[in-house]
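Q: In the numbering used here, the protein residues as written are 299 to 544.
Note that beta-carbon positions come from the ideal geometry of N, C-alpha and C, so glycine has one too.
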């Protein structure tokens with residue numbers, strides 16, 4: 299069953315779907331009156347609805363009284379990625395959304411080869427947000443991850459105070475003979491409601507960055523004995539969080 303998001307509230311069990319979603323329902327899916335779809339109301343409740351009618355610019359849908367339980371992670375996980383090369387952010391946003399990511403925060407790391415272009419940044423965020431929306435629909439989420447504009451490393455450090463717990467993936471921890479196990483650290487944060495996990499770009503987090511994060515109270519962790527690519531590490535972490543919390 300197709301899923302669509304609306305920022306409107308249902309009024310008398312009815313809401314109108316407009317724009318690209320309306321075109322997708324009519325032109326791509328070729329749905330008819332009486333067909334059932336899922337409408338997520340204000341990222342809160344997923345309603346099973348029937349298509350009541352069509353007009354030139356909107357699809358009118360009506361609640362059936364049935365809802366679907368939320369599939370969201372019990373903890374809000376924001377992924378902070380040092381700007382990687384190419385289209386790796388596209389992959390992280392798409393697959394991260396499927397795995398339960400709550401938000402994405404790119405940042406300019408010392409080892410980032412790519413620099414954030416403010417002029418092109420708005421369009422890039424819009425494209426990434428569209429990827430997140432489509433992935434949220436596909437994976438039957440009730441929340442579309444928010445893709446935030448890139449910030450500096452100094453701003454990232456300041457933002458750590460906004461989360462209950464913050465981890466940084468540290469490859470030096472992974473190389474240690476007596477590295478700490480990620481599962482042991484996750485077991486200690488069951489009461490937390492928000493988590494930030496920081497990943498470096500290609501080449502990882504610089505040592506001086508790691509020290510500044512430690513001074514800010516950030517917990518270093520390994521992701522196993524192998525060194526993962528910049529686009530693989532966030533997905534590994536989200537999978538581990540899902541396994542442990544769900």
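#1: Touch check for the segment 436-454 and the segment 390-402: three-plus C-beta pairs under 8 angstroms?
#2: Are three or more beta carbon pairs between the segment 346-364 and the segment 479-494 nearer than 8 angstroms?
#3: Thinking C-beta only, is residue 537 closer than 8 angstroms to residue 371?
#4: Closest to residue 414 by CA distance: which of 437, 387, 428, 341 is it?
#5: How far does the beta strand (DSSP E) with residue 404 in it reach, from first residue to last?
#6: Is the Cβ-Cβ distance between residue 465 and residue 508 less than 8 angstroms?
#7: Would you check if there are 3 or more beta carbon pairs closer than 8 angstroms linking the segment 338-356 to the segment 497-506?
#8: If you pair each beta-carbon of the segment 484-494 with each one of the segment 372-387, do three or more pairs fall below 8 angstroms?
#9: Run through the DSSP bridge pairs and tell me what residue 361 is partnered with.
#10: Grouping DSSP H, G and I as helix and E and B as strand, with all else coil, what is residue 366?
#11: Check for me: the beta strand (DSSP E) holding residue 380 runs from which residue to which?
#12: Is residue 497 closer than 8 angstroms to residue 531 when the C-beta atoms are compared?
#13: To the nearest angstrom, report how far apart residue 527 and residue 314 are at their CA atoms.
#14: Any chance you could list the beta strand (DSSP E) runs of at least 3 consecutive residues sitting entirely within the segment 300-332, in chain order?
#15: Given this structure, state the Cα-to-Cα distance separating residue 427 from residue 384, to the nearest angstrom.
#16: Measuring alpha carbon to alpha carbon, tell me which of 406, 380, 437, 356 ends up nearest residue 393.
#17: According to the neighbour-count rule (16 or more other Cβ atoms, all chains shown, within 10 Å of its Cβ), is residue 340 buried or exposed?
#18: In this structure, what does DSSP give as the bridge partners for residue 444?
#19: Beta-carbon within less than 8 angstroms of residue 515's beta-carbon, same chain only, minus the 5 sequence neighbours each way: which residues are those?
#20: From the DSSP secondary-structure annotation, give me the bridge partner or partners of residue 493.
A: On the basis of the supplied data:
#1: Taking one beta carbon from each stretch, the segment 436-454 and the segment 390-402 have 3 or more pairs nearer than 8 angstroms; the two touch.
#2: Three or more beta-carbon pairs separated by less than 8 angstroms are not found between the segment 346-364 and the segment 479-494, which leaves the two stretches without contact.
#3: As a working mapping, residue 371 is identified with position 73 in the chain shown. As a working mapping, residue 537 is identified with position 239 in the chain shown. Taking 8 angstroms as the Cβ cut-off, residue 371 and residue 537 do not qualify as a contacting pair.
#4: As a first step, residue 414 must be located in the chain shown, where it is residue number 116. The residue with the shortest Cα to Cα distance from residue 414 is 387.
#5: For the purposes of this step, residue 404 is taken as the residue at position 106 of the chain shown. Boundaries of the beta strand (DSSP E) around residue 404: 401-406.
#6: Taking the chain shown and counting its residues from 1, the one referred to as residue 465 is at position 167. Taking the chain shown and counting its residues from 1, the one referred to as residue 508 is at position 210. Not closer than 8 angstroms, so no.
#7: Short answer: they don't touch.
#8: Short answer: they touch.
#9: For this step, residue 361 is matched to residue 63 along the chain shown. Paired residues: 347.
#10: Translated into the one-based positions of the chain shown, residue 366 becomes position 68. Here residue 366 carries a strand assignment [DSSP, helix/strand/coil].
#11: Along the chain shown, one-based indexing puts residue 380 at 82. DSSP places residue 380 in the uninterrupted beta strand (DSSP E) bounded by 374-380.
#12: Position 233 of the chain shown, counting from 1, holds the residue named residue 531. Position 199 of the chain shown, counting from 1, holds the residue named residue 497. Yes, the pair counts as a contact, with Cβ atoms nearer than the cut-off.
#13: Within the chain shown, numbered from 1, the residue matching residue 527 stands at position 229. Within the chain shown, numbered from 1, the residue matching residue 314 stands at position 16. Cα to Cα, the separation comes out at about 43 angstroms.
#14: Counting whole runs of 3 or more residues, the segment 300-332 contains the beta strand (DSSP E) stretches 301-304, 312-316.
#15: Residue numbering aside, residue 427 sits at position 129 when the chain shown is read from its first letter. Residue numbering aside, residue 384 sits at position 86 when the chain shown is read from its first letter. Straight-line measurement puts the Cα of residue 384 at about 17 angstroms from the Cα of residue 427.
#16: Locating residue 393 in the chain shown gives position 95, counting from the first residue. That would be 437, whose Cα lies nearest to the Cα of residue 393.
#17: On the chain shown, residue 340 is found 42 positions in, with the first residue counted as 1. Per the 10 Å Cβ criterion, exposed.
#18: One-based indexing of the chain shown puts residue 444 at position 146. By DSSP's assignment, residue 444 forms a beta bridge with 401.
#19: What you label residue 515 is simply residue 217 of the chain shown in a count that begins at 1. Once the five neighbours on either side are set aside, the close Cβ partners of residue 515 are 458, 464.
#20: Here the question's residue 493 lines up with position 195 in the chain shown. As a beta-bridge residue in DSSP terms, residue 493 pairs with 375, 463.
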